[in-house]
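**Q** Under my numbering, the first residue of the sequence shown is numbered 1480, with each subsequent residue one higher. The structure's right below; bear with me while I get my questions together.
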Amino acid sequence: MPYRAPVSDIRFILDNVVGYDRVSGTEKFAEAGSDMVDAILTEAGRMCDDILAPLQRPGDLHPATLENGVVRTSPGFADGYRAIAEGGWIGMSASPENGGMGLPISLTMAVNDMMSGACLSLQLNPLMTQGQIEALEHHASDEIKALYLPKLISGEWCGTMNLTEPQAGSDVGALRSKAEPNGDGTYAISGQKIYISWGDNDFTENVCHLVLARLPDSVPGTKGISLFMVPKFIPGDDGSLGARNNLRVVSLEHKMGLHGSPTAVMEYDGATGWLVGPENGGMAAMFTMMNNARLGVGLQGIGVAEAAGQHAVAYAADRKQGRAPGTGAIIEHADVRRMLATMKADTFAARSIAMACAVAIDMANATGDANWTARAAFLTPIAKAFGTEVGMNVAAAGVQVHGGMGFIEETGAAQYSRDVRVTAIYEGTNGIQAMDLVGRKLMDGGAAARALLEEVCDGAEVAKATHASLAEPVWHAAETLGELTEWLVAQELTERFGAATAYLEAFARVLGAHAHLKAAMSGDDARQRLATFYITRLLPEVTSLVQQVRSGSEDVMAVTVEDLVA
1480 MPYRAPVSDI
1490 RFILDNVVGY
1500 DRVSGTEKFA
1510 EAGSDMVDAI
1520 LTEAGRMCDD
1530 ILAPLQRPGD
1540 LHPATLENGV
1550 VRTSPGFADG
1560 YRAIAEGGWI
1570 GMSASPENGG
1580 MGLPISLTMA
1590 VNDMMSGACL
1600 SLQLNPLMTQ
1610 GQIEALEHHA
1620 SDEIKALYLP
1630 KLISGEWCGT
1640 MNLTEPQAGS
1650 DVGALRSKAE
1660 PNGDGTYAIS
1670 GQKIYISWGD
1680 NDFTENVCHL
1690 VLARLPDSVP
1700 GTKGISLFMV
1710 PKFIPGDDGS
1720 LGARNNLRVV
1730 SLEHKMGLHG
1740 SPTAVMEYDG
1750 ATGWLVGPEN
1760 GGMAAMFTMM
1770 NNARLGVGLQ
1780 GIGVAEAAGQ
1790 HAVAYAADRK
1800 QGRAPGTGAI
1810 IEHADVRRML
1820 ATMKADTFAA
1830 RSIAMACAVA
1840 IDMANATGDA
1850 NWTARAAFLT
1860 PIAKAFGTEV
1870 GMNVAAAGVQ
1880 VHGGMGFIEE
1890 TGAAQYSRDV
1900 RVTAIYEGTN
1910 GIQAMDLVGR
1920 KLMDGGAAAR
1930 ALLEEVCDGA
1940 EVAKATHASL
1950 AEPVWHAAET
1960 LGELTEWLVA
1970 QELTERFGAA
1980 TAYLEAFARV
1990 LGAHAHLKAA
2000 MSGDDARQRL
2010 ATFYITRLLP
2020 EVTSLVQQVR
2030 SGSEDVMAVT
2040 VEDLVA
């Protein structure tokens, strides 16, 4: 079944839900108005439909391989990547000073959403490069910027990030990779890194690795980590490629999904690297890249949810089974219709949250307003965790809609579930996102949370005049969540952590209801029906989640290790 990029849905959300007009109304993004948005979404959608989507199955059936130290990518991926690079889609939000378009991150994320639905394995490559571009723009020296950014933005070179080691996963501070000064301003980087997405390929001239490592005598933990640019080929001052660096791909992981995306074990053996940012300032620089990636990964989940949903609807509309009314297809069965409606409603909610986060980032960049910065920071873990959870849930439901055929690989339904599963793990597991939300993101005493919830309540008050039956439960849910936030802020951090995932899920449910209520007020009957379904069926989950939050950690930690192994 051919994928169709959700251009109209994204445009609707930009216009009616997240207030993109505020972004195009700023001086910084004044040129990114309605006509440009239409042109970008239409052209990117066409590329996704015609060029990237046909690569989805070949990437799964013919995975990337390592042959005599050379990574061979899946059939057609080189042409697909070329279309992405030549279309300028990698450097959409990068600075024009280095060849980027300088467009809002909202539009970059909209395009990433569509590319993820078309072919997630390939989309992961430019996503990594986009994060590296942002990290270099913020932290690299002028010399490194001038040399690397034009090549990364054009797509001639691509970027990766190297954090994880066999003994250092989420605990990055436990890494052992070393950086020894060479005496000429460069460093000798040695160590092994694992789980490196797109650690190598056969279609870009160079692969640029951002590597976390320790300088001699650095302090333990994250405060003693520095960041280095370590390219596959050492470039000259003019960007021409020189000698091969002392790094190699040891192996490619045999993975559950994303087979078209080579995940490498990398070995650095005195490889030449250049410091990015100050000594021992690696984590600050890397977090710039990771925060970019976290929103991007949330949209990966949403993109896959979109594709899996389309796949399931097409199958359900065609499959005849049982005594269904109407056409006789299973889409006429109430339980199948329930699954499909849940898939679509949750995809819309997650996409709205992610795009609201992107708009907040753009407004912060355009205005320098700290309130926008705080909103973007608060929404990031919600967008990442909820977007990827929706991706997993929708893909799993898609398999269920297919019935026995969903368990048969040739239908393609299972691939979505296998591919999207890792999104809840990489760039900070969803549990870490939840802990970040109730920890660091509530260090303001709940101010950013309150501002969002006040907006939800204000929107519901306006909606009561025309959509009272929908507005009332949204208002009550937001009020309840506001009271819960005040209670949570007063708790010790250990208690918050036990409640973290439930709090994030509750917040996402309320924000999703807010988005659906706005959609219902647009006057579109289909939007109103979907909003009614979401607010009636899914928003009530908040009641249970609130109870889970108030339980804190006591009941969780009361289950002993012995209980678990008995």
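Just so you know, even glycine gets a beta-carbon here, dropped at the ideal spot from N, CA and C.
What runs of the alpha helix (DSSP H), each 4 residues or longer, lie entirely inside the region 1626 to 1657?
**A** List check, alpha helix (DSSP H) in window: nothing returned.
**Q** Please state whether the Cβ-Cβ distance between V2021 and R1988 is less than 7 Å.
**A** It is a contact, given that the beta carbons lie within the stated cut-off.
**Q** Going by DSSP in three states, Q1970 sits in which element: helix, strand or coil?
**A** Reduced to three states, the DSSP call for Q1970 is coil.
**Q** Identify every residue that forms a DSSP beta bridge with F1766.
**A** Paired residue(s): none; F1766 is not in a bridge.
**Q** Do G1567 and P1575 have their CB atoms nearer than 7 Å?
**A** For G1567 and P1575, no; Cβs fall outside 7 Å.
**Q** Count the other CB atoms within 10 Å of the CB of K1630; is the residue buried (16 or more) or exposed (fewer)?
**A** Buried, because 16 or more other Cβ atoms sit within 10 Å of the Cβ of K1630.
**Q** Taking all protein chains shown into account, do 16 or more other C-beta atoms lie within 10 angstroms of the C-beta of E1506, making it buried, or fewer, making it exposed?
**A** Flag for E1506 reads exposed.
**Q** Tell me, to the nearest whole angstrom, how far the beta carbon of G1559 is from that of L1601; I am working on the premise that it is less than 8 Å.
**A** G1559 to L1601, Cβ: 5 Å. Contact.
**Q** If you count every other CB in all the chains shown that lies within 10 Å of the CB of Q1894, and 16 or more means buried, which is it?
**A** Q1894 should be labelled buried.
**Q** Quick one: Cα of S1487 to Cα of M1768, how far?
**A** Looking at the two C-alpha atoms, the distance is approximately 30 Å.
**Q** Measuring straight from C-alpha to C-alpha, what distance separates A2037 and T1973?
**A** Answer to the nearest angstrom: the Cα atoms are 13 Å apart.
**Q** Spatial neighbours of A1999 within its chain, please: C-beta separation below 7 Å, excluding the five flanking residues on both sides.
**A** Excluding positions up to five away in sequence, the list reads H1946, L1949, R2006, Q2007, A2010.
**Q** Helix or strand or just coil, what does DSSP make of P1710?
**A** P1710: strand per DSSP, three-state reduction.
**Q** Could you name the residues of the same chain whose beta carbon sits closer than 8 Å to that of G1466, not counting the 5 residues immediately before and after it, in chain order?
**A** This structure cannot settle anything about residue 1466, because the visible part of the chain is limited to 1480 through 2045.
**Q** Relative to the C-alpha of L1858, which residue among V1880, I1810, L1916, M1884 is closest?
**A** The option with the nearest alpha carbon to L1858 is L1916.
**Q** Tell me which residue opens and which closes the alpha helix (DSSP H) that V1698 is part of.
**A** Looking at the DSSP string, V1698 is not in any alpha helix (DSSP H), and its letter there is neither H nor E.
**Q** What is the DSSP secondary structure of Y1905, reduced to helix, strand or coil?
**A** Here Y1905 sits in coil by DSSP.
**Q** Assuming contact is defined by CB atoms lying nearer than 7 Å, are E1680 and T1552 in contact in what I supplied?
**A** Note on residue identity: the sequence assigns Asn, not Glu, to residue 1680. Yes. Within cutoff.
**Q** Do you know offhand how far D1696's Cα is from A1647's?
**A** Rounded to the nearest angstrom, the two C-alpha atoms are 19 Å apart.
**Q** Strictly by DSSP, which residues pair up with H1688?
**A** DSSP, once it has assigned bridges, lists T1639, V1709 as partnering H1688.
**Q** Could you tell me how far apart the beta carbons of S1705 and A1658 are, in whole angstroms, since I believe they sit closer than 8 Å?
**A** So it is a contact: roughly 6 Å between Cβ atoms.
**Q** Note down the Cα distance separating P1710 from R1773, rounded to an integer number of angstroms.
**A** Roughly 24 Å between the two C-alpha positions.
**Q** Are the region 1885 to 1902 and the region 1830 to 1849 in contact at 8 Å, needing three or more beta carbon pairs?
**A** The region 1885 to 1902 is not in contact with the region 1830 to 1849.
**Q** Leaving out five residues on either side along the sequence, give the residues of the same chain with a beta carbon under 6 Å from the beta carbon of A1820.
**A** These residues qualify, in order along the chain: F2012.
**Q** Quick one: residues in its chain with C-beta nearer than 6 Å to the C-beta of G1775, no 5 flanking neighbours on either side, listed in chain order?
**A** Excluding positions up to five away in sequence, the list reads N1591, L1606.
**Q** Please state whether the Cβ-Cβ distance between T1846 and G1788 is less than 7 Å.
**A** Against a cut-off of 7 Å, the Cβ pair of G1788 and T1846 comes out as no contact.
**Q** Runs of 3 residues minimum, wholly inside the region 1960 to 2007: which ones carry the beta strand (DSSP E) assignment?
**A** Entirely contained in the region 1960 to 2007, not one beta strand (DSSP E) run reaches 3 residues.
**Q** Give the DSSP-derived three-state secondary structure of I1569 in the structure shown.
**A** Here I1569 sits in coil by DSSP.
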